[in-house]
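Have a look at the structure below before the remarks.
Numbering (the numbering used here), first residue to last: 11 to 529.
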(Lines of atoms letter the chains of each structure in order from A and count residues from 1; the text may use other names and numbers.)
(Lines give C-alpha, C1' and ligand atoms only; values in the text may rest on other atoms or scores of the structure.)
Protein backbone atom coordinates (compact mmCIF):
# COMPACT_ATOMS: atom_id res chain seq x y z
CA UNK A 1 0.00 0.00 0.00
CA UNK A 2 2.79 2.42 0.97
CA UNK A 3 4.65 1.54 -2.22
CA UNK A 4 1.55 2.40 -4.25
CA UNK A 5 1.26 5.79 -2.49
CA UNK A 6 4.93 6.54 -3.16
CA UNK A 7 4.46 5.51 -6.81
CA UNK A 8 1.44 7.78 -7.24
CA UNK A 9 3.22 10.71 -5.59
CA UNK A 10 6.26 10.16 -7.80
CA UNK A 11 4.03 9.94 -10.86
CA UNK A 12 2.29 13.17 -9.89
CA UNK A 13 5.60 14.95 -9.35
CA UNK A 14 6.90 13.75 -12.72
CA UNK A 15 3.71 14.89 -14.41
CA UNK A 16 3.99 18.33 -12.81
CA UNK A 17 7.64 18.55 -13.90
CA UNK A 18 6.57 17.58 -17.42
CA UNK A 19 3.91 20.32 -17.45
CA UNK A 20 6.41 22.90 -16.22
CA UNK A 21 8.95 21.91 -18.87
CA UNK A 22 6.25 21.95 -21.55
CA UNK A 23 5.13 25.40 -20.44
CA UNK A 24 8.72 26.64 -20.52
CA UNK A 25 9.35 25.08 -23.93
CA UNK A 26 6.10 26.45 -25.38
CA UNK A 27 6.92 29.90 -24.03
CA UNK A 28 10.45 29.81 -25.48
CA UNK A 29 9.05 28.57 -28.82
CA UNK A 30 6.39 31.27 -28.90
CA UNK A 31 8.60 34.18 -27.87
CA UNK A 32 11.98 33.17 -29.30
CA UNK A 33 12.31 30.09 -31.53
CA UNK A 34 9.33 30.54 -33.87
CA UNK A 35 9.86 34.29 -34.39
CA UNK A 36 13.56 33.69 -35.13
CA UNK A 37 12.71 30.88 -37.57
CA UNK A 38 10.17 33.01 -39.42
CA UNK A 39 12.45 36.03 -39.53
CA UNK A 40 15.34 34.04 -41.03
CA UNK A 41 13.01 32.42 -43.57
CA UNK A 42 11.74 35.80 -44.79
CA UNK A 43 15.18 37.46 -44.76
CA UNK A 44 16.47 34.74 -47.10
CA UNK A 45 13.75 35.87 -49.53
CA UNK A 46 14.75 39.51 -49.24
CA UNK A 47 11.91 40.51 -46.91
CA UNK A 48 13.28 42.59 -44.04
CA UNK A 49 11.94 45.08 -41.56
CA UNK A 50 12.56 47.00 -38.35
CA UNK A 51 14.28 45.14 -35.53
CA UNK A 52 11.78 43.88 -32.91
CA UNK A 53 12.30 44.91 -29.30
CA UNK A 54 11.51 42.18 -26.77
CA UNK A 55 7.96 40.96 -26.31
CA UNK A 56 6.51 44.24 -27.63
CA UNK A 57 8.10 43.81 -31.06
CA UNK A 58 7.55 47.07 -32.96
CA UNK A 59 4.28 47.95 -31.24
CA UNK A 60 5.67 50.81 -29.15
CA UNK A 61 7.05 52.55 -32.24
CA UNK A 62 3.75 51.99 -34.06
CA UNK A 63 1.72 53.47 -31.21
CA UNK A 64 4.09 56.41 -30.88
CA UNK A 65 3.94 57.23 -34.60
CA UNK A 66 0.14 56.90 -34.73
CA UNK A 67 -0.35 58.89 -31.55
CA UNK A 68 1.73 61.73 -32.98
CA UNK A 69 0.05 61.70 -36.40
CA UNK A 70 -3.51 61.68 -35.01
CA UNK A 71 -2.97 64.08 -32.10
CA UNK A 72 -4.35 67.01 -34.11
CA UNK A 73 -7.15 67.58 -36.59
CA UNK A 74 -6.22 67.68 -40.28
CA UNK A 75 -7.08 71.38 -40.58
CA UNK A 76 -8.51 71.57 -44.09
CA UNK A 77 -10.77 68.82 -45.39
CA UNK A 78 -8.66 66.60 -47.60
CA UNK A 79 -8.43 62.85 -48.06
CA UNK A 80 -4.71 62.06 -47.91
CA UNK A 81 -5.08 59.72 -44.93
CA UNK A 82 -2.29 57.15 -45.19
CA UNK A 83 0.39 59.24 -43.47
CA UNK A 84 -2.06 60.06 -40.67
CA UNK A 85 -3.53 56.62 -40.02
CA UNK A 86 -0.73 54.29 -41.15
CA UNK A 87 2.45 56.29 -40.43
CA UNK A 88 4.42 53.12 -39.67
CA UNK A 89 3.52 51.75 -43.11
CA UNK A 90 4.79 54.95 -44.75
CA UNK A 91 8.04 54.88 -42.75
CA UNK A 92 8.86 51.20 -43.13
CA UNK A 93 7.86 50.89 -46.80
CA UNK A 94 10.32 53.70 -47.58
CA UNK A 95 13.08 51.97 -45.63
CA UNK A 96 12.49 48.33 -46.58
CA UNK A 97 10.36 48.34 -49.73
CA UNK A 98 6.78 47.34 -50.48
CA UNK A 99 7.24 43.99 -48.76
CA UNK A 100 8.48 44.24 -45.22
CA UNK A 101 8.06 42.32 -41.98
CA UNK A 102 7.33 43.85 -38.59
CA UNK A 103 6.35 42.49 -35.19
CA UNK A 104 3.05 43.01 -33.43
CA UNK A 105 4.28 41.76 -30.10
CA UNK A 106 5.66 38.31 -30.91
CA UNK A 107 3.40 37.95 -33.94
CA UNK A 108 5.31 38.47 -37.20
CA UNK A 109 3.37 40.36 -39.86
CA UNK A 110 4.38 40.84 -43.48
CA UNK A 111 3.00 43.85 -45.33
CA UNK A 112 1.61 42.90 -48.75
CA UNK A 113 0.33 45.41 -51.33
CA UNK A 114 0.74 43.35 -54.51
CA UNK A 115 -2.89 43.05 -55.61
CA UNK A 116 -2.29 39.91 -57.70
CA UNK A 117 -0.82 38.10 -54.70
CA UNK A 118 -3.61 39.40 -52.47
CA UNK A 119 -6.18 37.98 -54.89
CA UNK A 120 -4.38 34.63 -54.83
CA UNK A 121 -4.26 34.67 -51.02
CA UNK A 122 -7.95 35.49 -50.65
CA UNK A 123 -9.24 33.00 -53.21
CA UNK A 124 -6.83 30.05 -53.11
CA UNK A 125 -5.77 29.91 -49.47
CA UNK A 126 -8.88 31.03 -47.58
CA UNK A 127 -9.23 27.78 -45.60
CA UNK A 128 -5.59 27.67 -44.42
CA UNK A 129 -5.38 31.33 -43.45
CA UNK A 130 -7.47 33.33 -41.02
CA UNK A 131 -7.51 35.28 -37.79
CA UNK A 132 -4.51 34.92 -35.50
CA UNK A 133 -4.52 34.05 -31.80
CA UNK A 134 -3.82 37.70 -30.92
CA UNK A 135 -6.80 38.87 -32.97
CA UNK A 136 -9.10 36.27 -31.46
CA UNK A 137 -8.00 37.08 -27.92
CA UNK A 138 -8.38 40.81 -28.62
CA UNK A 139 -12.01 40.26 -29.62
CA UNK A 140 -12.80 37.48 -27.14
CA UNK A 141 -15.13 39.61 -25.01
CA UNK A 142 -16.43 41.57 -28.00
CA UNK A 143 -17.55 39.17 -30.75
CA UNK A 144 -16.24 35.93 -29.24
CA UNK A 145 -16.15 32.96 -31.61
CA UNK A 146 -18.61 34.54 -34.07
CA UNK A 147 -18.15 34.44 -37.83
CA UNK A 148 -15.82 37.44 -37.85
CA UNK A 149 -13.19 35.57 -35.81
CA UNK A 150 -13.86 31.97 -36.86
CA UNK A 151 -11.29 29.92 -38.76
CA UNK A 152 -11.00 26.77 -40.83
CA UNK A 153 -14.01 24.41 -40.82
CA UNK A 154 -15.77 26.35 -38.07
CA UNK A 155 -15.76 29.42 -40.32
CA UNK A 156 -17.04 27.31 -43.24
CA UNK A 157 -19.99 25.93 -41.22
CA UNK A 158 -20.87 29.27 -39.63
CA UNK A 159 -20.79 31.04 -42.99
CA UNK A 160 -22.92 28.33 -44.58
CA UNK A 161 -25.51 28.59 -41.80
CA UNK A 162 -25.79 32.40 -41.82
CA UNK A 163 -25.59 33.02 -45.59
CA UNK A 164 -29.31 32.45 -46.40
CA UNK A 165 -30.23 35.46 -44.25
CA UNK A 166 -28.38 37.76 -46.67
CA UNK A 167 -29.20 36.29 -50.08
CA UNK A 168 -31.79 36.29 -52.86
CA UNK A 169 -35.46 36.85 -52.08
CA UNK A 170 -34.72 37.06 -48.37
CA UNK A 171 -32.45 40.04 -49.02
CA UNK A 172 -35.06 41.70 -51.23
CA UNK A 173 -37.70 41.25 -48.55
CA UNK A 174 -35.77 43.62 -46.27
CA UNK A 175 -36.36 46.58 -48.58
CA UNK A 176 -39.71 47.53 -47.03
CA UNK A 177 -38.29 47.47 -43.50
CA UNK A 178 -35.31 49.60 -44.57
CA UNK A 179 -37.64 52.14 -46.17
CA UNK A 180 -39.91 52.37 -43.11
CA UNK A 181 -37.00 52.81 -40.69
CA UNK A 182 -35.53 55.49 -42.95
CA UNK A 183 -38.86 57.33 -43.12
CA UNK A 184 -38.90 57.50 -39.32
CA UNK A 185 -35.39 58.97 -39.27
CA UNK A 186 -36.24 61.52 -41.96
CA UNK A 187 -39.35 62.55 -40.05
CA UNK A 188 -37.21 63.02 -36.95
CA UNK A 189 -34.87 65.27 -38.94
CA UNK A 190 -37.83 67.15 -40.41
CA UNK A 191 -39.31 67.77 -36.97
CA UNK A 192 -35.99 69.16 -35.78
CA UNK A 193 -35.72 71.41 -38.85
CA UNK A 194 -39.28 72.66 -38.29
CA UNK A 195 -38.35 73.57 -34.72
CA UNK A 196 -35.48 75.74 -35.97
CA UNK A 197 -32.52 73.36 -35.74
CA UNK A 198 -30.13 73.67 -38.68
CA UNK A 199 -27.00 71.74 -37.65
CA UNK A 200 -26.99 67.96 -37.19
CA UNK A 201 -24.33 65.43 -36.22
CA UNK A 202 -25.34 63.05 -38.97
CA UNK A 203 -23.26 60.12 -37.69
CA UNK A 204 -25.49 59.67 -34.64
CA UNK A 205 -28.60 59.51 -36.85
CA UNK A 206 -26.98 57.00 -39.21
CA UNK A 207 -25.79 54.81 -36.35
CA UNK A 208 -29.24 54.70 -34.79
CA UNK A 209 -30.91 54.05 -38.16
CA UNK A 210 -28.65 51.17 -39.21
CA UNK A 211 -28.94 49.69 -35.71
CA UNK A 212 -32.72 49.78 -36.00
CA UNK A 213 -32.60 48.12 -39.44
CA UNK A 214 -30.34 45.24 -38.40
CA UNK A 215 -32.40 44.71 -35.22
CA UNK A 216 -35.68 44.59 -37.17
CA UNK A 217 -34.53 42.52 -40.15
CA UNK A 218 -32.35 39.91 -38.43
CA UNK A 219 -33.60 39.77 -34.83
CA UNK A 220 -37.27 40.84 -35.03
CA UNK A 221 -36.46 43.55 -32.52
CA UNK A 222 -35.84 47.31 -32.80
CA UNK A 223 -33.28 49.91 -31.85
CA UNK A 224 -35.34 50.90 -28.80
CA UNK A 225 -35.38 47.31 -27.54
CA UNK A 226 -31.72 46.69 -28.32
CA UNK A 227 -30.21 50.14 -27.73
CA UNK A 228 -28.55 49.02 -24.49
CA UNK A 229 -26.85 46.20 -26.41
CA UNK A 230 -25.60 48.64 -29.08
CA UNK A 231 -24.33 51.01 -26.40
CA UNK A 232 -22.53 48.25 -24.50
CA UNK A 233 -20.99 46.82 -27.69
CA UNK A 234 -19.63 50.25 -28.58
CA UNK A 235 -18.08 50.51 -25.12
CA UNK A 236 -16.66 46.99 -25.48
CA UNK A 237 -15.16 47.90 -28.85
CA UNK A 238 -13.17 50.75 -27.34
CA UNK A 239 -12.07 48.68 -24.33
CA UNK A 240 -10.95 45.75 -26.50
CA UNK A 241 -8.97 48.10 -28.73
CA UNK A 242 -7.14 49.43 -25.66
CA UNK A 243 -6.63 46.03 -24.01
CA UNK A 244 -5.27 44.50 -27.24
CA UNK A 245 -2.15 46.59 -26.83
CA UNK A 246 -1.15 44.52 -23.78
CA UNK A 247 -1.75 41.04 -25.20
CA UNK A 248 1.93 40.74 -26.15
CA UNK A 249 2.75 40.32 -22.45
CA UNK A 250 2.42 36.68 -21.32
CA UNK A 251 -0.73 36.13 -19.26
CA UNK A 252 -1.86 39.76 -19.59
CA UNK A 253 -5.43 38.70 -20.29
CA UNK A 254 -5.57 37.23 -16.77
CA UNK A 255 -4.28 40.35 -15.00
CA UNK A 256 -6.94 42.05 -12.81
CA UNK A 257 -6.55 45.32 -14.73
CA UNK A 258 -9.23 47.96 -15.10
CA UNK A 259 -9.66 47.06 -18.78
CA UNK A 260 -10.02 43.33 -18.09
CA UNK A 261 -12.51 43.85 -15.26
CA UNK A 262 -14.66 46.25 -17.28
CA UNK A 263 -14.59 44.02 -20.37
CA UNK A 264 -15.72 40.96 -18.45
CA UNK A 265 -18.47 42.96 -16.74
CA UNK A 266 -19.74 44.42 -20.01
CA UNK A 267 -19.58 41.04 -21.73
CA UNK A 268 -21.70 39.46 -19.01
CA UNK A 269 -24.29 42.23 -19.34
CA UNK A 270 -24.41 41.95 -23.16
CA UNK A 271 -24.79 38.17 -22.90
CA UNK A 272 -27.61 38.60 -20.39
CA UNK A 273 -29.51 41.01 -22.66
CA UNK A 274 -29.00 38.80 -25.70
CA UNK A 275 -30.13 35.76 -23.74
CA UNK A 276 -33.40 37.57 -22.99
CA UNK A 277 -34.00 38.08 -26.74
CA UNK A 278 -33.08 34.47 -27.52
CA UNK A 279 -35.16 33.02 -24.68
CA UNK A 280 -38.15 35.12 -25.70
CA UNK A 281 -38.00 33.61 -29.19
CA UNK A 282 -37.67 30.11 -27.77
CA UNK A 283 -40.55 30.64 -25.35
CA UNK A 284 -42.86 31.65 -28.19
CA UNK A 285 -42.32 28.24 -29.78
CA UNK A 286 -42.44 26.25 -26.57
CA UNK A 287 -45.78 27.71 -25.44
CA UNK A 288 -47.25 27.36 -28.92
CA UNK A 289 -47.53 31.06 -29.75
CA UNK A 290 -45.38 30.42 -32.83
CA UNK A 291 -44.86 27.27 -34.87
CA UNK A 292 -41.22 28.03 -35.73
CA UNK A 293 -38.28 30.18 -34.68
CA UNK A 294 -38.69 32.26 -37.85
CA UNK A 295 -36.52 32.73 -40.91
CA UNK A 296 -34.50 35.78 -39.88
CA UNK A 297 -30.89 35.34 -38.74
CA UNK A 298 -31.81 34.54 -35.14
CA UNK A 299 -34.43 32.05 -36.28
CA UNK A 300 -31.95 30.39 -38.64
CA UNK A 301 -29.41 30.04 -35.82
CA UNK A 302 -31.96 28.59 -33.38
CA UNK A 303 -33.25 26.14 -35.98
CA UNK A 304 -29.69 25.05 -36.65
CA UNK A 305 -29.05 24.50 -32.93
CA UNK A 306 -31.86 21.93 -32.87
CA UNK A 307 -30.33 19.88 -35.67
CA UNK A 308 -28.10 16.89 -35.16
CA UNK A 309 -25.17 17.22 -37.52
CA UNK A 310 -22.85 14.42 -38.55
CA UNK A 311 -19.82 16.67 -39.08
CA UNK A 312 -19.14 17.34 -35.37
CA UNK A 313 -20.02 21.03 -35.71
CA UNK A 314 -22.64 22.04 -33.19
CA UNK A 315 -24.19 25.39 -32.44
CA UNK A 316 -24.76 26.13 -28.76
CA UNK A 317 -26.26 29.12 -26.97
CA UNK A 318 -22.88 30.78 -26.35
CA UNK A 319 -21.97 30.56 -30.03
CA UNK A 320 -25.39 31.93 -31.00
CA UNK A 321 -24.80 34.87 -28.64
CA UNK A 322 -21.38 35.41 -30.23
CA UNK A 323 -22.98 35.42 -33.69
CA UNK A 324 -25.61 37.88 -32.47
CA UNK A 325 -22.90 40.20 -31.14
CA UNK A 326 -21.00 39.89 -34.42
CA UNK A 327 -23.99 40.84 -36.55
CA UNK A 328 -25.35 43.45 -34.15
CA UNK A 329 -21.95 45.17 -34.46
CA UNK A 330 -20.90 44.48 -38.06
CA UNK A 331 -24.48 44.83 -39.30
CA UNK A 332 -24.77 48.45 -38.28
CA UNK A 333 -21.36 49.98 -37.47
CA UNK A 334 -19.72 49.60 -40.88
CA UNK A 335 -22.79 50.75 -42.83
CA UNK A 336 -23.30 53.70 -40.48
CA UNK A 337 -19.70 54.76 -41.09
CA UNK A 338 -20.09 54.36 -44.86
CA UNK A 339 -23.19 56.59 -44.76
CA UNK A 340 -21.56 59.16 -42.48
CA UNK A 341 -18.45 59.54 -44.63
CA UNK A 342 -20.56 59.65 -47.80
CA UNK A 343 -22.69 62.47 -46.41
CA UNK A 344 -19.50 64.36 -45.52
CA UNK A 345 -18.16 63.90 -49.05
CA UNK A 346 -21.43 64.99 -50.68
CA UNK A 347 -21.73 67.94 -48.30
CA UNK A 348 -18.32 69.16 -49.46
CA UNK A 349 -18.99 68.31 -53.12
CA UNK A 350 -22.49 69.72 -53.82
CA UNK A 351 -22.21 69.16 -57.58
CA UNK A 352 -22.26 65.40 -56.98
CA UNK A 353 -25.19 65.82 -54.66
CA UNK A 354 -27.03 67.46 -57.57
CA UNK A 355 -26.03 64.64 -59.94
CA UNK A 356 -27.39 61.99 -57.59
CA UNK A 357 -30.59 64.00 -57.08
CA UNK A 358 -31.09 64.32 -60.84
CA UNK A 359 -30.62 60.57 -61.27
CA UNK A 360 -33.15 59.85 -58.53
CA UNK A 361 -35.68 62.10 -60.21
CA UNK A 362 -35.16 60.33 -63.53
CA UNK A 363 -35.15 56.74 -62.22
CA UNK A 364 -37.57 56.99 -59.30
CA UNK A 365 -39.58 60.05 -60.34
CA UNK A 366 -38.77 61.60 -56.98
CA UNK A 367 -40.25 58.68 -55.05
CA UNK A 368 -38.79 55.93 -52.92
CA UNK A 369 -36.70 53.50 -55.00
CA UNK A 370 -37.95 49.96 -55.40
CA UNK A 371 -35.65 46.94 -55.21
CA UNK A 372 -35.55 46.73 -59.00
CA UNK A 373 -34.71 50.42 -59.35
CA UNK A 374 -31.70 50.25 -57.03
CA UNK A 375 -29.52 48.64 -59.69
CA UNK A 376 -30.29 51.53 -62.05
CA UNK A 377 -28.87 54.14 -59.67
CA UNK A 378 -25.42 54.07 -61.26
CA UNK A 379 -24.32 57.56 -60.17
CA UNK A 380 -25.22 56.80 -56.56
CA UNK A 381 -23.38 53.49 -56.82
CA UNK A 382 -20.28 55.30 -58.06
CA UNK A 383 -20.51 57.79 -55.18
CA UNK A 384 -20.77 54.98 -52.61
CA UNK A 385 -17.80 53.14 -54.13
CA UNK A 386 -15.67 56.29 -54.08
CA UNK A 387 -16.61 56.84 -50.44
CA UNK A 388 -15.57 53.26 -49.65
CA UNK A 389 -12.31 53.78 -51.52
CA UNK A 390 -11.36 56.94 -49.64
CA UNK A 391 -12.74 55.87 -46.25
CA UNK A 392 -12.90 52.04 -46.04
CA UNK A 393 -14.38 51.02 -42.66
CA UNK A 394 -11.68 48.33 -42.29
CA UNK A 395 -8.30 49.92 -43.04
CA UNK A 396 -6.37 46.64 -42.71
CA UNK A 397 -7.06 42.99 -43.60
CA UNK A 398 -4.86 40.53 -41.64
CA UNK A 399 -4.55 36.83 -42.49
CA UNK A 400 -2.36 34.36 -40.61
CA UNK A 401 -0.96 31.27 -42.38
CA UNK A 402 -1.88 28.11 -40.44
CA UNK A 403 0.37 25.99 -42.64
CA UNK A 404 3.22 26.63 -45.06
CA UNK A 405 1.92 28.10 -48.31
CA UNK A 406 3.36 29.25 -51.62
CA UNK A 407 2.22 32.71 -52.67
CA UNK A 408 3.56 33.76 -56.06
CA UNK A 409 7.32 33.86 -55.66
CA UNK A 410 7.10 33.85 -51.87
CA UNK A 411 7.26 30.99 -49.41
CA UNK A 412 5.00 31.89 -46.47
CA UNK A 413 5.91 29.88 -43.35
CA UNK A 414 3.31 28.70 -40.89
CA UNK A 415 2.72 31.33 -38.21
CA UNK A 416 3.36 34.39 -40.39
CA UNK A 417 0.52 36.90 -40.60
CA UNK A 418 0.00 38.72 -43.87
CA UNK A 419 -1.00 42.33 -43.33
CA UNK A 420 -2.95 43.92 -46.19
CA UNK A 421 -3.12 47.73 -45.78
CA UNK A 422 -6.41 48.35 -47.59
CA UNK A 423 -6.24 52.10 -46.95
CA UNK A 424 -2.79 52.35 -48.56
CA UNK A 425 -3.90 50.30 -51.58
CA UNK A 426 -7.02 52.46 -51.99
CA UNK A 427 -4.82 55.58 -51.86
CA UNK A 428 -2.04 54.32 -54.14
CA UNK A 429 -1.19 56.82 -56.88
CA UNK A 430 0.35 53.97 -58.85
CA UNK A 431 -2.98 52.13 -58.96
CA UNK A 432 -5.49 55.00 -59.07
CA UNK A 433 -3.72 57.94 -60.72
CA UNK A 434 -2.56 61.39 -59.66
CA UNK A 435 -6.02 62.36 -58.38
CA UNK A 436 -5.96 59.44 -55.92
CA UNK A 437 -6.71 61.67 -52.90
CA UNK A 438 -9.55 63.54 -54.59
CA UNK A 439 -13.24 62.68 -54.48
CA UNK A 440 -13.95 61.59 -58.05
CA UNK A 441 -16.74 59.01 -58.42
CA UNK A 442 -16.28 59.10 -62.20
CA UNK A 443 -13.27 56.81 -61.81
CA UNK A 444 -15.73 53.96 -61.22
CA UNK A 445 -17.55 54.78 -64.44
CA UNK A 446 -14.62 54.45 -66.81
CA UNK A 447 -12.40 51.69 -65.42
CA UNK A 448 -13.13 48.28 -63.87
CA UNK A 449 -11.83 49.08 -60.39
CA UNK A 450 -14.59 47.09 -58.71
CA UNK A 451 -13.13 43.77 -59.87
CA UNK A 452 -11.66 43.14 -56.42
CA UNK A 453 -7.96 43.61 -57.23
CA UNK A 454 -7.50 47.28 -56.35
CA UNK A 455 -10.81 47.82 -54.56
CA UNK A 456 -11.50 45.71 -51.49
CA UNK A 457 -13.68 47.47 -48.91
CA UNK A 458 -15.50 44.17 -48.25
CA UNK A 459 -12.36 41.98 -48.56
CA UNK A 460 -12.37 39.46 -51.42
CA UNK A 461 -12.71 35.77 -52.22
CA UNK A 462 -14.88 33.26 -50.34
CA UNK A 463 -14.17 35.00 -47.05
CA UNK A 464 -15.50 38.39 -48.16
CA UNK A 465 -18.09 40.27 -46.12
CA UNK A 466 -21.23 38.15 -45.84
CA UNK A 467 -23.39 41.28 -45.55
CA UNK A 468 -21.96 43.13 -48.55
CA UNK A 469 -25.18 43.07 -50.61
CA UNK A 470 -27.24 43.91 -47.52
CA UNK A 471 -25.04 46.93 -46.76
CA UNK A 472 -25.06 48.23 -50.34
CA UNK A 473 -28.85 47.93 -50.62
CA UNK A 474 -29.29 49.63 -47.25
CA UNK A 475 -26.88 52.46 -48.15
CA UNK A 476 -28.60 53.12 -51.49
CA UNK A 477 -32.06 53.25 -49.92
CA UNK A 478 -31.03 55.56 -47.08
CA UNK A 479 -28.96 57.93 -49.22
CA UNK A 480 -31.55 58.13 -52.00
CA UNK A 481 -34.32 59.03 -49.54
CA UNK A 482 -32.12 61.53 -47.67
CA UNK A 483 -30.87 63.27 -50.82
CA UNK A 484 -34.39 63.46 -52.29
CA UNK A 485 -35.71 65.21 -49.20
CA UNK A 486 -32.81 67.38 -47.98
CA UNK A 487 -29.83 69.29 -49.29
CA UNK A 488 -26.84 69.45 -46.98
CA UNK A 489 -23.60 71.37 -46.60
CA UNK A 490 -20.74 70.89 -44.20
CA UNK A 491 -20.98 72.82 -40.92
CA UNK A 492 -18.38 75.36 -39.85
CA UNK A 493 -18.03 73.39 -36.61
CA UNK A 494 -16.92 70.19 -38.41
CA UNK A 495 -13.35 69.20 -37.53
CA UNK A 496 -11.81 66.72 -39.94
CA UNK A 497 -10.04 64.12 -37.80
CA UNK A 498 -10.33 60.51 -39.04
CA UNK A 499 -9.12 57.93 -36.51
CA UNK A 500 -9.06 54.14 -36.33
CA UNK A 501 -10.69 52.35 -33.39
CA UNK A 502 -11.00 48.95 -35.05
CA UNK A 503 -12.90 50.81 -37.80
CA UNK A 504 -12.29 54.18 -39.50
CA UNK A 505 -14.32 56.84 -37.69
CA UNK A 506 -14.67 60.63 -37.60
CA UNK A 507 -13.22 61.48 -34.18
CA UNK A 508 -15.57 64.41 -33.56
CA UNK A 509 -18.51 63.25 -35.67
CA UNK A 510 -19.74 64.86 -38.90
CA UNK A 511 -21.76 68.06 -38.46
CA UNK A 512 -23.83 69.23 -41.44
CA UNK A 513 -26.42 71.90 -42.17
CA UNK A 514 -29.68 70.43 -43.45
CA UNK A 515 -32.23 72.24 -45.60
CA UNK A 516 -35.61 70.81 -46.57
CA UNK A 517 -36.15 70.66 -50.33
CA UNK A 518 -39.38 71.79 -51.88
CA UNK A 519 -41.70 68.82 -52.55
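C-beta atoms are modelled at their ideal positions from N, C-alpha and C, and glycine is treated no differently.
Is it buried or exposed, residue 446, if we count other Cβ atoms within 10 angstroms and call 16 or more buried? It is buried - the Cβ of residue 446 has at least 16 other Cβ atoms within 10 Å.
Are at least three pairs of beta-carbons, each pair with one atom in the segment 203-212 and one in the segment 509-526, less than 8 Å apart? Per the Cβ contact rule, the segment 203-212 is in contact with the segment 509-526 (3 or more Cβ pairs under 8 Å).
Give me the Cα-Cα distance between residue 309 and residue 229, rounded to the nearest whole angstrom. Straight-line spacing of the CA atoms in residue 309 and residue 229 works out to 8 Å.
What residues in its chain sit with their C-beta under 7 Å from that of residue 153, if we drop five residues either side in the sequence? The residues are 159, 332, 335, 336, 339.
For residue 393 and residue 431, which I take to be in contact (beta-carbon distance under 8 Å), what is that distance rounded to the nearest angstrom? For residue 393 against residue 431, the beta-carbon gap comes to about 24 Å, at or over 8 Å, which does not count as contact.
Kindly identify the DSSP beta-bridge partner or partners of residue 438. Residue 438 pairs with nothing; no bridge assigned.
Cβ-based neighbour list, residue 140, same chain, cut-off 6 Å, excluding 5 preceding and 5 following: Contacts found: 161.
Rounded C-alpha distance that separates residue 106 from residue 195: Rounded to whole angstroms, the gap between the alpha carbons of residue 106 and residue 195 is 50 Å.
First through last residue of the beta strand (DSSP E) which encompasses residue 337: Segment 327-340 is the alpha helix (DSSP H) holding residue 337; no beta strand (DSSP E) there.
Span of the beta strand (DSSP E) holding residue 497? Its beta strand (DSSP E) spans residues 496-500.
According to DSSP, is residue 51 part of a helix, a strand, or is it coil? In the three-state DSSP reduction, residue 51 falls in the helix class (H, G or I).
Whole-number beta carbon distance between residue 344 and residue 485, since they are thought to touch under 8 Å: The Cβ separation is near 10 Å, so there is no contact.
Short check: CB of residue 330 to CB of residue 125, under 9 Å? Remark: C-beta atoms of residue 330 and residue 125 do not approach each other more closely than 9 Å.
Of all Cβ atoms in chain D, is any one closer than 9 Å to the Cβ of residue 148? The chain inventory of the structure shown lacks chain D, comprising one protein chain alone.
Relative to the C-alpha of residue 513, which candidate in 348, 150, 144, 381 has its C-alpha closest? Minimum Cα distance to residue 513 is reached at 348.
If we ignore side chains and look at the alpha-carbon of each, how far apart do residue 242 and residue 276 end up? The C-alpha of residue 276 is placed about 7 Å away from the C-alpha of residue 242.
In angstroms, rounded to a whole number, what distance separates the CA positions of residue 510 and residue 293? The alpha-carbon atoms of residue 510 and residue 293 are separated by roughly 41 Å.
Tell me, please, which residues DSSP counts as bridged to residue 112. According to DSSP, which records beta bridges pairwise, residue 112 is partnered with 119.
How about residue 410 and residue 426: are their beta carbons less than 9 Å apart? Yes. Within cutoff.
Using 8 Å for Cβ pairs, my map puts residue 214 next to residue 240. What's the rounded Cβ distance? With a Cβ gap of about 12 Å, residue 214 and residue 240 do not count as contacting.
Would you mind stating whether residue 470 and residue 128 have Cβ atoms separated by less than 9 Å? Yes, Cβ-Cβ distance for residue 470 and residue 128 is below 9 Å.
Please list the segments of the alpha helix (DSSP H) lying wholly inside the segment 359-446, counting only runs of 4 or more residues, in order along the chain. Runs found: 360-374, 381-384, 388-400, 432-436, 439-442.
Tell me which residue opens and which closes the beta strand (DSSP E) that residue 448 is part of. Segment: none, residue 448 is in no beta strand (DSSP E) and carries neither H nor E.
Taking residue 401 as the reference, give the member of 355, 14, 82 with the closest Cα. Selection 355, 14, 82 evaluated against residue 401 yields 355 as nearest (Cα-Cα).
Would you list, in sequence order, the uninterrupted alpha helix (DSSP H) runs of no fewer than 4 residues that lie entirely inside the segment 476-522? Within the segment 476-522, complete alpha helix (DSSP H) segments of at least 4 residues are found at 478-495, given in chain order.
Residues of its chain near residue 93, where Cβ-Cβ distance is below 7 Å and the 5 sequence neighbours each way are ignored: Counting only residues of its own chain and dropping the five nearest sequence neighbours on each side, residue 93 has a CB closer than 7 Å to the CB of 79, 100.
Along the alpha helix (DSSP H) that carries residue 83, what are the first and last residues, could you check? Here residue 83 belongs to no alpha helix (DSSP H), and DSSP marks it neither H nor E.
In chain order, what residues of the same chain lie with their CB nearer than 7 Å to the CB of residue 450, ignoring the 5 residues before and after it? Leaving aside the five residues that flank residue 450 on each side, the residues in its chain whose CB is nearer than 7 Å to its CB run, in chain order, 396.
I need the straight-line Cα distance from residue 366 to residue 109, nearest angstrom please. For residue 366 and residue 109, the distance between alpha carbons rounds to 40 Å.
Would you report the Cα separation of residue 295 and residue 304, rounded to the nearest angstrom? Here the alpha carbon of residue 295 sits roughly 10 Å from the alpha carbon of residue 304.
Starting from residue 229, follow the alpha helix (DSSP H) in both directions and report where the run begins and ends. Where residue 229 is concerned, the enclosing alpha helix (DSSP H) starts and stops at 212-229.
Within 10 Å of its beta-carbon, does residue 85 have 16 or more other beta-carbons around it, so buried, or fewer, so exposed? That one is exposed.
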